[in-house]
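Residue numbers (full-length UniProt numbering), protein chains in the order written: chain Z, 1 to 344; chain F, 1 to 344. For glycine and all other residues, C-beta sits at the position ideal for the given N, C-alpha and C.
Protein chains: 2
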Amino acid sequence: MQIDINLDKNSYKVYIDELSKLKFKGKVAIITNSKVGGLYLNDILSIVEADEKYVITIADGEEYKNLATIEDILEQLFVSRLDRSSTIIALGGGVISDMSGFTASIYERGIDFIAIPTTLLAQVDASVGGKTGVNNKFGKNLIGSFYQPKAVYCESRFLKSLPKREFAAGIAEAIKMAIMFDREFFEFFESCDINNQDDLTKIIKRCVELKAMVVSQDEREKGLRAVLNYGHTFAHVIENELNYKGLLHGEAVAIGMNMANRLAVNLGLLSVKEFDRIENLLIKFDLPTKYKIKDENAFYNAFSLDKKSENSVIKFILPNGIGKNLIKSDISKERVLEVLGLFK
Amino acid sequence: MQIDINLDKNSYKVYIDELSKLKFKGKVAIITNSKVGGLYLNDILSIVEADEKYVITIADGEEYKNLATIEDILEQLFVSRLDRSSTIIALGGGVISDMSGFTASIYERGIDFIAIPTTLLAQVDASVGGKTGVNNKFGKNLIGSFYQPKAVYCESRFLKSLPKREFAAGIAEAIKMAIMFDREFFEFFESCDINNQDDLTKIIKRCVELKAMVVSQDEREKGLRAVLNYGHTFAHVIENELNYKGLLHGEAVAIGMNMANRLAVNLGLLSVKEFDRIENLLIKFDLPTKYKIKDENAFYNAFSLDKKSENSVIKFILPNGIGKNLIKSDISKERVLEVLGLFK
């Protein structure tokens, strides 16, 4: 199965369950982490044909998604003398693909990279769209670039080894796409059996299609693409408060969506019944929806460090009913604090 | 005077001696070094209108053109809470514009930047074309991106404070353009008076035009643009051997061109008379043409770390007579060593 990601330049394809042989003219560096490497490196190394193959492993975890790790990777690439005809392969979850893509974008001013996402989250979200980057102490993904892969290979077989929590975290981003863009897809989630292979493939495919639609309309996040940040405005503050520990990104997004939904109810954009339907669906997939805000003023002030807050205007991405979206930048601070107060 | 830099996307203008008012909607950060700042910051700050203005100074010199400095700049930008509607202004020479452009390209995945080059080298070369980056221990400009400014302002008045050596280093890159692309321009150099304001403006204008022609045909250095590296293949090795100390970049390029010319003579592409004419022109502008190579084998091996050497093929950019160029990638190691031996 193939899905075209159509961009002004640098269009590429996402292949679902079609990975067999990968041939390259120059050198290849596979970037992965120790865990994923142990599971899948022999598989990938056996199907990659290249002049020279290198493997670079980095520590597993969001807390290593920083410039220091990028420098480590660059060092290994320079020692291996990769050049502009070389290719980087990202083998892993969103952290690996975000960092590999960023490295590829700045190594000798840009070399090719392809992504082989091994988590559901990365398959449905992180590896489509060309966002790359790392975190720093000011927040998530604040340093990075827009850089498109040459191809993405989503293999559902790689998801079988995923821990239950990580799998659910991926589902959170998939549900996000449904709430924002596709009511029918949302209803499919309510009735589907996630352990059924066909249902799972259908979810991956629909998410990639929806993301492709968004990204091809707005590659550089000037408008529509911001809608994909639904739940993230809140999630980033939560993750930052927790120092990126304890919650998986998708879990933070699930809570963030629930917070955004409360705001949407407060504004009359979402009925209480719809709010409950969404919360019940998140709970069906064992996703968290609660978070204890200690200080809602501090929480509110943290919004303004988010990239999406231009000129200190905080944009909230909200469901306008299930399957439709709305970006609002004129919500009073008092109203937001009132909603945040519900999470104390 | 305005020159259009026409690219697929992100076209922009280079203005020569047209800087008056600069108005911005969001925040502005001016990146400069302490020396240039002392000379021109009051001038620039008085003509920039913005919501908030910040000044970031970095240490002066090629040895600070590294990722550590980029991190320092990023830190100051985040503390000042620049966002995607903000603009970075590069005020300084090539080091400042390369680092400012790179920072702009990775800050929140890319914000606007404009360049105000204050050296002749930066005016005729570094600030046109979108190459950004930093050095590391493996070589020059090995980490970076292609990222276009929104505008470039070349002010000839800023050149009056330039030390004589720095001025000459800029002339070296200008002569490079003439040798590669424009015999008439080369002859203009032989007869011109560099202290004459009109002659100087003419040189800046012609260099920007030639570079615009090259870059608009080949933004990402897939072909023609590599010609701009004439002299640089050798210069980068020299600069690396000297740990970027002692010689200015343009001075190293002057020596590098002389080395490339010797190779061109050896191959029958350049007559001895033309070789002498070029060397005499470099000497007229007080540029060095000699360098003592200690070990020509080590010098040769250092070529292969250069970005331009894909798949270990070393490409030499040579004059094919004055005003024309040729890229050769099939020159035997023995022949190159023979020429390098002339510089012992």
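Helix, strand or coil at Glu-52 of chain F according to DSSP, with G and I counted as helix: strand
Closest by CA to Ser-100 of chain Z, which one among Z:Val-55, Z:Ile-171, Z:Met-257, Z:Leu-120? Comparing Cα-Cα distances from Ser-100 of chain Z to each of Z:Val-55, Z:Ile-171, Z:Met-257, Z:Leu-120, the minimum goes to Z:Val-55.
Could you tell me which of F:Phe-158, F:Ala-50, F:Ser-85, F:Asp-286 sits nearest to Leu-39 of chain F, measuring between CA atoms? F:Phe-158
Hey, could you find the ends of the alpha helix (DSSP H) Asp-112 of chain F is sitting in? Premise fails: Asp-112 of chain F lies in the beta strand (DSSP E), 112 to 117, not in any alpha helix (DSSP H).
Cβ-based contacts, 9 Å cut-off: residues of the stretch 98 to 132 of chain Z near chain F: So the list reads Phe-102, Ser-105, Ile-106, Tyr-107, Glu-108, Arg-109, Gly-110, Lys-131, Thr-132, given in the order they occur along the chain.
With 16 as the cutoff for other CB atoms within 10 Å, does Ala-298 of chain F come out buried or exposed? exposed
Tell me which residues share the same chain as Ile-6 of chain F and place their Cβ nearer than 6 Å to its Cβ, disregarding the 5 neighbours each side in the sequence. Correcting the residue type first, residue 6 of chain F is Asn in the shown sequence and not Ile. Around Asn-6 of chain F: Ser-216.
How many whole angstroms separate the CB atoms of Gly-231 of chain F and Met-257 of chain F, which I take to be in contact at a CB cut-off of 8 Å? 4 Å
Against Asp-8 of chain F, what residues of chain Z qualify as contacts under a CB-to-CB distance less than 8 Å, listed in chain order? Lys-9
Can you tell me the Cα-Cα spacing of Val-208 of chain F and Tyr-64 of chain Z, whole angstroms? 43 Å
Anything in chain F within Cβ reach of Ser-145 of chain Z, meaning under 8 Å, just list it in chain order. Ser-105, Ile-106, Arg-109, Gly-110, Ser-145
Find the nearest neighbour of Pro-117 of chain Z within the set Z:Lys-328, Z:Leu-162, Z:Gly-323, Z:Leu-263, judged by alpha-carbon distance. Z:Leu-162
Environment of Leu-74 of chain F [buried if 16+ CB atoms lie within 10 Å]: buried
With which residues is Ala-151 of chain Z paired in a DSSP beta bridge? Z:Lys-13, Z:Ile-114
Residues in the stretch 138 to 164 of chain F having any Cβ partner in chain Z nearer than 7 Å: Listed by position, the residues of the stretch 138 to 164 of chain F near chain Z (Cβ gap below 7 Å) are Phe-138, Leu-142, Ile-143, Gly-144, Ser-145, Phe-146.
Is Phe-303 of chain F close to chain Z, meaning its C-beta is less than 8 Å from at least one C-beta of that chain? Between Phe-303 of chain F and chain Z, the shortest Cβ-Cβ separation is not below 8 Å.
So Leu-74 of chain F contacts chain Z; which residues on that side make the cut at Cβ distance below 7 Å? Ile-143
Contact list for Leu-67 of chain Z against chain F, beta-carbon separation under 7 Å: Glu-71
Which residues does DSSP list as the beta-bridge partners of Pro-288 of chain Z? Answer is none; Pro-288 of chain Z lacks a bridge partner.
What's the C-alpha gap between Ser-86 of chain Z and Phe-186 of chain F? 38 Å
Should Met-177 of chain Z and Leu-142 of chain Z be called a contact, given that it needs their Cβ atoms to be closer than 8 Å? no
Cα-Cα separation, Gly-26 of chain F to Thr-233 of chain Z: Using only the alpha carbons, I get a separation of about 22 Å.
Can you give me the Cβ contacts of Val-272 of chain Z inside the same chain, cut-off strictly under 7 Å, excluding the 5 residues immediately before and after it? Val-265
Three or more C-beta pairs below 8 Å linking the stretch 238 to 248 of chain F and the stretch 319 to 338 of chain F: no
Considering only residues of the same chain and omitting the five flanking positions on each side of Ile-317 of chain Z, which have a CB-CB separation below 6 Å? Val-227, Asn-229, Tyr-230, Ile-327
How about Phe-78 of chain F: is its C-beta nearer than 8 Å to some C-beta of chain Z? Yes, contact with chain Z.
Go to Val-134 of chain Z, then tell me how far its beta strand (DSSP E) extends in each direction, as first and last residue. 131 to 136
Contact check, Pro-149 of chain Z vs Phe-181 of chain Z, beta carbons under 8 Å: Not in contact: Pro-149 of chain Z and Phe-181 of chain Z (Cβ atoms no closer than 8 Å).
Option in Z:Asp-286, Z:Arg-220, Z:Val-336 with minimal Cα separation from Ala-111 of chain F: Per the sequence shown, residue 111 of chain F should be read as Ile rather than Ala. Selected option, being the one with the closest Cα: Z:Arg-220.
Just reading off the beta strand (DSSP E) that Gln-76 of chain F is part of, what are its end residues? Counting along the chain, Gln-76 of chain F falls outside any beta strand (DSSP E), though it belongs to the alpha helix (DSSP H) covering 67 to 79.
Examine the ligand MG and report whether any of its heavy atoms sits within less than 7 Å of the Cβ of Lys-273 of chain F. Judged by which ligands are present, the structure shown has none, so any question about the ligand MG falls away.
Alpha carbon to alpha carbon, what distance is there between Asn-42 of chain Z and Leu-337 of chain F? 43 Å
Give the straight-line distance between the Cα atoms of Phe-138 of chain F and Tyr-147 of chain F, rounded to the nearest whole angstrom. 22 Å
Relative to the C-alpha of Glu-190 of chain Z, which candidate in Z:Asn-301, Z:Leu-281, Z:Asp-330 has its C-alpha closest? Z:Leu-281
Measuring CB to CB, does Leu-82 of chain F end up less than 8 Å from Ala-29 of chain F? yes
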